[in-house]
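The structure appears below as structure tokens.
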Amino acid sequence: MTESPATLEVAVLGAGTVGSQVIRLLEEQADDFAARAGARIRVVSVLVRHPDAPRDVEIDPALLTTDAATAIDGRDLVVELIGGIEPARTYVLRALSQGISVVTGNKALLAAHGPELYEAAADSGADLYYEAAVAGAVPVVYGLRESLAGDRITRVIGIVNGTTNFILDAMATTGAGYEQALFRAQELGYAEADPTADVDGLDAAAKCAILASLAFHTRVGIDDVEVEGIRSITAEDMSEASFFTQTIKLLAIAERRVGEDGREGVAVRVHPALLPTDHPLASVAGAYNAILVEGEAAGRLMFYGQGAGGAPTASAVLSDLVAAASHRVHGGHAPRESVYAHLPILDPGSARTRYQMRLRVEDRLGVLSDVASIFARHGVSIQSVHQRDGRGPGQAVIVIATHVAREADLRAVAHALSQSPAVREVASTIRIESDDPRSVVPAAD
Ligand code: NDP
Ligand code: HSE
């Protein structure tokens, strides 16, 4: 006779978009999870704020509680899906201090307090898992933490925020302006009523910090990430991009490179960037996420899939839960924090990339030479110039693409241009993420 498997008690903290799907799937696929983990995984408590609120799935009212101690203490496993820093941090630490393994999808918490959580897990021998914190269902955390542990990662670049990708994609494909596309994202439930964390790039910055820490074995927090959101992207920027067979995406970029002092370091940034339409990230549509990882031995890998939503995110949470449950039954541990490299975080001003700048100028003799001399004065080399008629008589639009330049030098150029009598307006300055010079050739050429 086979022995019936033990039961592991799980507390689910939060029963919103993701938590409710985790509870549903644990119930619906209980036998499969028992077989995979070697024990039945039973939800015994669900921590919420409003026990009487309507839920996406039916939850036994007897499980609901507003008391964290009742929910957490003495459990085998805790799933944290409350979000935000507090009280999530306190609850996760409470669980870890009791040796209870924790699975969380909380990127804000990890990017702000990751080392503290890792330490608490190591002290008590508990597991800390967070696949759902970056790119929802896409297994990029596992990819970096485990599958690529044998490689030297040089660069991670990706679209890690579904809301902003939906907005930019809507602007590119329908010609909508930013506000209109944001409204559509809110109508469809992608963007929150307060979309700040998404559109200002903070959500992507937290994910970028997590990816960089894993890729470069170095502690990277959200404050290390240079962040620029998408609020300033206009319909004109997007149609201009399309004119040059480009599109605009919000990119999270973490790279290993040599800093100005000659030492190797890590640069982490989130900003909108122009991509040629044949770039692998350019075709990532709607609320999807995709991450390119470049390893010295593996070469380039692409992770792609649904980066948000209840069920896709629950899939990632549940894979972590099976791993943590299996360790309870069979022994073993989640990988510990790996920060042995201790690489310095490089100054954002030293970042080197290409730029595309759109200027409105007086259409008169010598303007181009005035503009070019400003670039030359600041050591920024021009790669291509395209001029056409502007909105009114005597006006022109000049689109200039640069060779790779220092961020600080480009800022100085933009400032000098804005002061120049030759220039009416610096209409936009957007980074170009491509080494391919064809990216700035007009579509008609
Ligand atoms: P929701 O806002 O939908 O749900 C949050 C849940 O937490 C609610 O059930 C809420 O209770 C409960 N809660 C909030 N504050 C407290 C508190 N102080 N005490 C007790 N319970 C509380 O969040 P999501 O499900 O969308 O997100 C959960 C986590 O997953 C976040 O960290 C998020 O970043 C992450 N994530 C989310 C994704 C998504 O697509 N939604 C994708 C990837 C990660 P009540 O219902 O009673 O108000
Ligand atoms: N707000 C996030 C996004 C949810 O739009 O990608 C997933 O982390």
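Positions 5 to 449 (the numbering used here) are the ones given, in order, by the sequence shown. The beta carbon of each residue, even a glycine, is placed where N, CA and C say it ideally should be. Here the structure is a predicted model, which means the values were calculated and not measured.
For the set Ala320, Tyr292, Ser323, the Cα lying nearest the Cα of Gln310 is the one of Tyr292.
Inside the stretch 270-331, DSSP marks whole beta strand (DSSP E) runs of 3 or more residues at positions 292-299, 303-310, from first to last along the chain. Between Arg332 and Asp80, the gap from beta carbon to beta carbon is short of 8 angstroms. The beta carbon of Gly88 sits closer than 8 angstroms to the beta carbons of Asn110, Ala112, Leu113 from its chain, once the five residues preceding and following it are set aside; these are given in chain order. Inclusion of Leu296 and Pro276 in the CB contact set at 8 angstroms is not warranted, their separation being larger than that value. Around Phe220, the same chain offers Ile157, Ala258, Arg260, Val270, Ala345, Leu347 as residues with beta carbons nearer than 8 angstroms, after the five sequence neighbours per side are excluded. Beyond the five residues adjoining it in sequence on each side, Ala213 comes within less than 7 angstroms, by CB distance, of Ala115, Val224, Gly225, Ile226, Asp228, Val229, Val272 in the same chain, given in chain order.
Between Asp374 and Gly398, the gap from beta carbon to beta carbon reaches 8 angstroms or more.
Scanning its chain for C-beta atoms nearer than 7 angstroms, with the 5 sequence neighbours on each side dropped, one finds around Arg93 the residues Leu113, His117, in chain order. Counting only residues of its own chain and dropping the five nearest sequence neighbours on each side, Val321 has a CB closer than 8 angstroms to the CB of Val22, Val26, Val83, Leu85, Val107, Gly109, Glu135, Ala136.
By the Cβ criterion, the stretch 200-215 is not in contact with the stretch 239-253, since fewer than three pairs of Cβ atoms, one from each stretch, lie closer than 8 angstroms.
Judged by DSSP in its simplified three-state form, Tyr194 adopts coil rather than helix or strand.
Nearest Cα to Phe247 within the set Ser217, Pro199, Ala176, Asp198: Ala176. Apart from the 5 residues on each side of it in sequence, Arg364 sits with its Cβ closer than 7 angstroms to the Cβ of Gly394, Gln399, Val401, Arg428, Glu429, Ala431 in its chain, given in chain order. Under the rule that a run must span 4 or more residues, the alpha helix (DSSP H) segments found entirely inside the stretch 13-84 read 21-32, 34-41, 72-76.
With a cutoff of 8 angstroms on beta-carbon distance, Val389 and Leu414 are scored as not near each other.
If you look at Gln423, you'll find it in the alpha helix (DSSP H) that goes 411-423.
Gly309 has its Cβ no nearer than 7 angstroms to any heavy atom of ligand 1. If you look at Ala213, you'll find it isn't in any beta strand (DSSP E); it sits in the alpha helix (DSSP H) that goes 206-220. Contact between Ala286 and Arg358 fails: their C-beta atoms lie close to 16 angstroms from each other, not under 8 angstroms. In this structure, the straight-line span from the alpha carbon of Leu372 to that of Ile378 is close to 10 angstroms. Put simply, of Pro58, Ala39, Leu68, Asp60 the residue whose alpha carbon is nearest the alpha carbon of Leu51 is Leu68. Restricting attention to Leu100, Gly290, Val326, Glu264, the CA atom closest to the CA of Ala355 is found in Glu264. With fewer than 16 other CB atoms across the displayed protein chains lying within 10 angstroms of its CB, Asp56 is exposed. Pairwise C-beta distances place the stretch 194-206 in contact with the stretch 161-178, as three or more of them are shorter than 8 angstroms.
Placement of the Cβ of Tyr194 at a distance of less than 7 angstroms from at least one heavy atom of ligand 2 is found. In this structure the stretch 122-130 does not touch the stretch 149-163; the number of beta carbon pairs closer than 8 angstroms is below three. Here Gly353 carries a helix assignment [DSSP, helix/strand/coil]. Here Leu97 is actually not in contact with Ala126; their C-beta atoms are around 13 angstroms apart, not less than 8 angstroms. Under DSSP, Glu135 forms no beta bridge with any residue.
Per DSSP, Glu429 is one residue of the beta strand (DSSP E) stretching across 427-436.
In the same chain as Glu62, and ignoring 5 residues on each side of it, no C-beta atom comes closer than 8 angstroms to its own. Ser385 carries a coil assignment under DSSP once its states are collapsed to helix, strand and coil. Arg149 sits buried, since 16 or more C-beta atoms from the chains shown fall within 10 Å of its C-beta.
Per DSSP, Glu120 has no beta bridge partner at all. Pairing Ala15 with Val48 gives a Cβ-Cβ distance under 8 angstroms.
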